[in-house]
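A short worksheet on the structure shown next.
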Amino acid sequence: MHAHQSYLPSKTPEALLLLRDEELRSLRGNGRGERKDWERIYDYDYYNDLGNPDNPDHVRPVMGGTRMHPYPRRCRTGRAISKTDEVTETRKHVINLDFYIPPDERFSPGKLAEVLTLGVQAVTHFVVPEMKTMIQGNNFKSIELLTRDLYTKPSQPAADGEVMEQLKTSVPSKKTYKQVAKNVKDTPVKFPIPQVIQHDLEAWRSDEEFAREMLAGLNPVAIKRLQKFPPVSSGGKKSSITAQHVESQFADVTIEMAMRQNRLYILDHHDYLMPYLRRINTLGVCIYASRTLLFLKSDGTLKPVVIELSLPATDGGDGEISRIFLPASHGTDAHLWQLAKAHVSVNDSGYHQLISHWLFTHAAVEPFVIATKRQLSAMHPIHKLLEPHFKDTMQINTLARSILLNAGGILERTMYPGRYALEMSSAIYGDWRFTEQSLPNDLVRRGMASRDPAMPGGLSLHIEDYPYAVDGLDVWRAIDGWVRSYCAHFYHHDTDVEEDTELQAWWDDVRSVGHGDRQGDPACWLALDSVDNLAETLSTLVWIASALHAAVNFGQYGYAGFPPNRPTRCRRFVPLPGSPEMTQLEADPDKFFLEMIPDRFTATLGLALIEVLSNHTSDEVYLGQRATSTWTDDGELLRLLDRFREELRRVEKRVTERNKDPRLNNRRGPVKVPYTLLFPDVAGTDKGLTGRGIPNSVSI
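Note that the numbering used here numbers the sequence shown so that position 369 is 369, with each residue one more than the last.
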């Protein structure tokens, strides 16, 4: 018997059986009482800790447990329930850094100090400009002044006393506070210049870059192949885009030909937004629901050919008012086209942060963390496989609930859905399926690829130069190969999977409790009745926690660090012909644009947030790495892990070669930013704002 040996339940030595059972029983707890810091208990709860029923502006519905608001579960803390509404958990402070998390899930002291240092600097980035704003006004005057103001200002004082005093009362450990204070003192505050404007201050404006970022930017998971023209909403209403709008942008190609040749694509932010637009636009923002159609050119790049911006009908019915915008390079039409693209970017920014990033990675993974600790013994081989992919996830999600997602928190203050953000993400979760989260299945679902047994991985991409998909499929195959070989090492027959009592209890916990609001959809989950289904399930989970999160997280500062490129809300609608606003636009297009996108206050707060989120901390553990060499003493498993690392190094070489290939226009684009978000970085030497590297887990 060895300390690091893995045992399936049926093969556990008799001397360890009782220990194995007692370990799991103690970790589950009894579902009662408030959790204490020293307890190691994993239990589920709804998202009922985001609002404050005693403040009318901060009342929020509970997410999870109802058909109206389905949601994944979070870790239960057991804090007292508000007496006002008898459903919302109370919090001691407006900002809480001491929510209960099982000790095994907490940041290391060093990482906590690093993250808090970044946070304090982020607040200082925000506070100092805000003091200037009170004197100078809250709008950026020009793109050039915006750039000079945000990125080239002299280093500021590290942090003001009020920020540090608030931190002192929020951080549980005095030692951590002292480390943060030292770090802050030693590090002057300055926003680095984001990659998107490092080489050219104007390239972000181009149509090619606007389209390229749908394939290689920070949200490359939303674009779909157009399979029906005109587009039709889920309620059956047809888009107002006509064949004439689209074919005027083509040379000798009809819509039917373009669709048959897989050359028409859509970025569709219409259906999920329309039910919320009336409410969202009462919050002081000006938001449309958008559809953008794109044409695949012969050089492999995408050309946006039409944008449709829609609003609910003014009569309060279910009708819509839509406007169509076509590409233009001169005059008023060019200015209107630029504004329409900005409104599309606002839609995409909200979807990216709330859905692609928060919901589909952070929130989706937490129930798996809880179920693993509750149902799979630390001796179980699948526990050992998954453990590195859960590092720090519960801690970062807890921080998110405390200061980002909460009522009046940073996301509500910077993203256009405001107080309806979580509610809107809940509606989208109602259609989420775990089976569709693997990269191959996701690409097929979005029409970006077709099954093809003759191609590597059995998949043929319809856009060959799709950096996220090309690099992602390399990473997916490496993950899948490692996971399948690992599973085959322990499970020799399908019956081994079916008869693994802990594994079946784990899968039941995930489906019926952790993601219990999605248990009614049989297509949502595979049955764990074969080695193949087990491997597919685990590969999907590892992909979500590592590569998918890396792809949608670590490019945030590089692309959205320049607010005009990825605005998070709009303050003005696109002007109507003959209106006073149209006169203003024609008189000074840049001034109108800057008055439409977020003000200095909102932009600086959002910038501070994504700078923190885009950083790799010093204790990051990357895909293919293990935090300790003693995780197993099984020589065969160590050999398989070495093989996985070697495959990831080969992926790195292929990514580097692709980025040097001048024929692949989407790898760098007009802004000359190479696509490295799925460069694994097995060596794990780079820290900070690198725009590359795949950590094992959702850890920031």
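C-beta atoms are modelled at their ideal positions from N, C-alpha and C, and glycine is treated no differently.
Just to confirm my understanding: we take residue i, look at its own chain, exclude 5 residues before and 5 after, and list those with CB closer than 7 Å. What are they?
i, result
"Glu502", "Pro9, Gln375, Leu376, Ser377, His380"
"Asn139", "Leu594, Glu595, Asp599, Arg600"
"Cys286", "Cys570, Arg571, Arg572, Phe573"
"Val531", "Cys487, Ala488, Tyr491, Asp494, Val497"
"Lys384", "Ser6, Trp631, Thr632"
"Cys524", "Arg433, Phe434, Thr435, Arg518"
"Phe126", "A caution first: Phe126 carries a pLDDT of 48, below 50, which makes its placement in the model unreliable, though a value can still be read off. Only Thr604, Leu605, Ala608 meet the Cβ criterion."
"Arg654", "Asp474"
Among residues of its own chain, excluding the 5 on either side of residue i, which ones have a beta-carbon nearer than 8 Å to its beta-carbon?
i, result
"Ala400", "Trp358, His362"
"Arg225", "Asn262, Leu264, Tyr265, Ile266, Arg446, Gly447, Met448, His462"
"Lys11", "none"
"Asp315", "none"
Using only CA atoms, which one of the options lies nearest to residue i?
i, options, result
"Ala222", "Arg413, Ser108, Asp494, Ala469", "Ala469"
"Asp465", "Leu16, Arg668, Cys570", "Arg668"
"Leu146", "Leu264, Ala328, Leu201", "Leu201"
"Gln625", "Ala608, Ser614, Glu647, Ile428", "Glu647"
"Pro670", "Glu208, Leu422, Thr90", "Glu208"
"Gly33", "Asn52, Gly65, Arg76, His69", "Arg76"
"Ile81", "Leu293, Gly51, Ser26", "Gly51"
"Arg650", "Asp442, Lys672, Glu499, Leu678", "Leu678"
"Ala328", "Leu339, Glu320, Leu24", "Leu339"
"Leu443", "Gly457, Asp431, Gly418", "Gly457"
"Ala211", "Ala243, Phe295, Val196", "Phe295"
"Ala407", "Ile355, Ser240, Pro61", "Pro61"
"Ser239", "Leu19, Leu309, Thr414, Gln249", "Leu309"
"Leu548", "Gly635, Leu277, Leu473", "Leu473"
"Leu215", "Ala545, Pro304, Leu18", "Pro304"
"Gly331", "Leu528, Thr398, Thr583", "Thr583"
"Arg413", "His58, Asp252, Glu213", "His58"
"Ala289", "Ser450, Val344, Lys111", "Val344"
"Arg148", "Glu105, Gln198, Pro56, Tyr47", "Gln198"
"Pro577", "Leu336, Ser206, Ile255", "Leu336"
I'd like the list of long-range same chain contacts for residue i, defined as Cβ closer than 6 Å, with 5 residues on each side in sequence excluded.
i, result
"Pro695", "Glu620, Tyr622"
"Met164", "Its pLDDT being 49, under 50, Met164 is placed unreliably by the model, and nothing is read from it."
"Met424", "Tyr276, Pro417"
Do residue j and residue i count as a contact pair if the criterion is CB distance below 8 Å?
i, j, result
"Tyr557", "Asn565", "no"
"Pro231", "Arg323", "no"
"Ala342", "Pro563", "no"
"Glu366", "Arg74", "yes"
"Ile41", "Pro102", "yes"
"Asp37", "Thr84", "no"
"Asn659", "Tyr675", "yes"
"Asp500", "Ala371", "no"
"Gly691", "Gly555", "yes"
"Leu637", "Pro192", "no"
"Trp476", "Trp543", "yes"
"Leu150", "His352", "no"
"Gly31", "Asp43", "yes"
"Gly65", "Arg35", "no"
"Glu581", "Pro575", "yes"
"Val612", "Arg645", "no"
"Leu311", "Leu277", "yes"
"Ile280", "Ile355", "no"
"Ile700", "Asn615", "yes"
"Lys373", "Leu19", "no"
Below 8 Å on the Cβ atoms is my contact criterion, and I expect residue i with residue j to pass it. Report the Cβ-Cβ distance as a whole number of Å.
i, j, result
"Tyr71", "Asp521", "Incorrect: roughly 15 Å between the Cβ atoms, too far for contact."
"Ser438", "Thr540", "4 Å"
"Asp271", "Ser234", "5 Å"
"Glu551", "Pro220", "As written in the sequence, residue 551 is Ala, which differs from the Glu given in the question. Going by Cβ atoms, the distance from Ala551 to Pro220 rounds to 7 Å, so yes, they are a contact pair."
"Ile410", "Val698", "No, Ile410 and Val698 are not in contact; Cβ-Cβ is about 18 Å, not under 8 Å."
"Ile321", "Ala313", "6 Å"
"Gly430", "Leu283", "Not quite, the Cβ-Cβ distance comes to about 23 Å (not below 8 Å), so this is no contact."
"Met769", "Ser402", "The shown model of the chain, from 1 to 700, leaves out residue 769, and the question about it has no answer."
"Leu422", "Leu405", "6 Å"
"Thr617", "Lys672", "Going by Cβ atoms, the distance from Thr617 to Lys672 rounds to 28 Å, so no, they are not a contact pair."
Using DSSP's beta-bridge definition, name the partner residues of residue i.
i, result
"Asp45", "Arg74"
"Ser450", "Ser460"
"Val497", "DSSP output for Val497 lists no bridge partner at all."
"Ser310", "Ala289, Ser322"
"Leu294", "Tyr265, Pro304"
"Pro695", "Tyr622"
"Ile428", "According to DSSP, which records beta bridges pairwise, Ile428 is partnered with nothing at all."
"His270", "Bridge partners of His270: none, in fact."
Please report whether the beta-carbon of residue i lies at a distance below 8 Å from any beta-carbon of chain C.
i, result
"Ala550", "Protein chains in the displayed structure number just one, and chain C is not present."
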